[in-house]
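Comments concern the structure below.
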Amino acid sequence: MRRTRYRAQWVLPVSAPPIREGALLVDDDGRIAAVGPDQAVPRPEDAQQVDLGNAALLPGLVNVHAHPELSALRNLLEDLSFFDWINTLRRVKARAPLDDAALLTSALWQLAEAYAAGITTIAATEDSAATFDALLETGGRGVVYREVFGPDPAQCAAAMRGLRERVESMRARETGLVRVGISPHAPYTVSDDL
174 MRRTRYRAQW VLPVSAPPIR EGALLVDDDG RIAAVGPDQA VPRPEDAQQV DLGNAALLPG
234 LVNVHAHPEL SALRNLLEDL SFFDWINTLR RVKARAPLDD AALLTSALWQ LAEAYAAGIT
294 TIAATEDSAA TFDALLETGG RGVVYREVFG PDPAQCAAAM RGLRERVESM RARETGLVRV
354 GISPHAPYTV SDDL
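What follows is the structure in structure tokens.
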């Protein structure tokens, strides 16, 4: 990454009050090297200069509950109660299951929208590895939680075996920016054993 100096009407640092007419300098490793009023931040000759104009420069936002692989189903699941939402989702997925390529396209689409809105980190709970793959492909940051279901205690062993296999295959591809986690779906969809 090339050293870059950004200037904006407003800079909103994490640990200090907002700075009007602020700037920040990012080093070759992509780390913030300096932040402050425009006149106080160094202007290295070899640094790329980016003037964001009448904008606010702030830390990336975090979406802590996302389902990017489902974005292809947009407008099919809107304005429903949770019960109706989950039943409609099951019916739609059973009638027209999305293949891996469609799930990846769906996740990439949602990530593009997230990035455009200033979201830089995603916590996604998913049935597939599509969002994990999309984060790797786009250089994004996030944790993809693999869901596990099983209200019947007799399903526990099989559910755990399947979960372990899915998580291990993803764990082998984790990076410093993209990780895998696990998530029981909900108290009413998993047994006590699970």
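Quick note on the numbering used here: the sequence shown kicks off at 174 and runs consecutively. Where is the CB? At the ideal position from N, CA and C, for every residue including glycine.
Discussion item. If the criterion is Cβ atoms closer than 7 Å, does the pair Val353 and Val340 meet it?
Written reply: As a first step, residue 353 must be located in the sequence shown, where it is residue number 180. As a first step, residue 340 must be located in the sequence shown, where it is residue number 167. Yes, these two residues count as a Cβ contact at 7 Å.
Item to complete: Quick one: grab the DSSP three-state call for Thr304.
Response: Mapped onto the sequence shown, residue 304 falls at position 131. In this structure, Thr304 counts as helix in the three-state DSSP scheme.
Fill in: In DSSP terms, what Gly323 is bridged to
As a position in the sequence shown, residue 323 is number 150, starting the count at 1. The partner list for Gly323 (beta bridge, DSSP) reads Val363.
Worksheet entry | Pick from Ala196, Glu286, Ser356 that is closest to Ala297, judged by C-alpha positions | Within the sequence shown, residue 297 is the residue found at index 124, counting from 1. Closest in C-alpha terms to Ala297, from the list Ala196, Glu286, Ser356, comes Ser356.
Discussion item. Are there any heavy atoms of the ligand COA lying less than 6 Å away from the beta-carbon of Arg175, as far as the coordinates show?
Written reply: With respect to the ligand COA, the structure offers nothing, as it holds no ligand at all.
Fill in: Integer-rounded CB distance, given that Arg180 should sit under 8 Å from Ala196
Counting from one through the sequence shown, the residue named residue 196 turns up at place 23. Counting from one through the sequence shown, the residue named residue 180 turns up at place 7. Between Arg180 and Ala196 the Cβ distance is about 4 Å, and since that is below 8 Å, they are a contact.
Worksheet item: What three-state label does DSSP hand Ala229 in the structure shown?
Response: Counted from its first residue, the sequence shown places residue 229 at position 56. In this structure, Ala229 counts as strand in the three-state DSSP scheme.
Worksheet entry | Whole-angstrom C-beta distance between Glu299 and Val317, which should lie under 8 Å | Within the sequence shown, numbered from 1, the residue matching residue 317 stands at position 144. Within the sequence shown, numbered from 1, the residue matching residue 299 stands at position 126. With 8 Å as the limit, Val317 and Glu299 qualify as a contact, their Cβ atoms being about 6 Å apart.
Item to complete: Report the partner residues of Val353 according to the DSSP bridge assignment.
Response: Working through the sequence shown from its first residue, we reach residue 353 at position 180. Residue pairing by DSSP puts Val353 in a beta bridge opposite Val317.
Discussion item. If you measure between the beta carbons of Asp366 and Pro326, is that distance less than 7 Å?
Written reply: As a first step, residue 366 must be located in the sequence shown, where it is residue number 193. As a first step, residue 326 must be located in the sequence shown, where it is residue number 153. Cβ atoms of Asp366 and Pro326: closer than 7 Å.
Worksheet item: If we ignore side chains and look at the alpha-carbon of each, how far apart do Asp202 and Ala303 end up?
Response: As a first step, residue 202 is located in the sequence shown; it is residue number 29 there, counting from the start. As a first step, residue 303 is located in the sequence shown; it is residue number 130 there, counting from the start. Between the alpha carbons of Asp202 and Ala303 lies a gap of roughly 28 Å.
Worksheet entry | Closest residue to Arg346 among Phe305, Ala330, Thr311 (Cα-Cα distance) | Taking the first residue of the sequence shown as 1, we reach residue 346 at position 173. If you compare the alpha carbons of Phe305, Ala330, Thr311 with that of Arg346, the shortest gap goes to Phe305.
Fill in: Other residues of its chain near Asp373: CB distance less than 8 Å, five sequence neighbours each side excluded
The structure shown does not extend to residue 373, since the chain is modelled only from 174 through 367, so no value can be given for it.
Worksheet item: Straight-line CA distance for Val237 to Ile292?
Response: Within the sequence shown, the letter at position 64 stands for residue 237. Within the sequence shown, the letter at position 119 stands for residue 292. When rounded, the distance between both Cα atoms is 10 Å.
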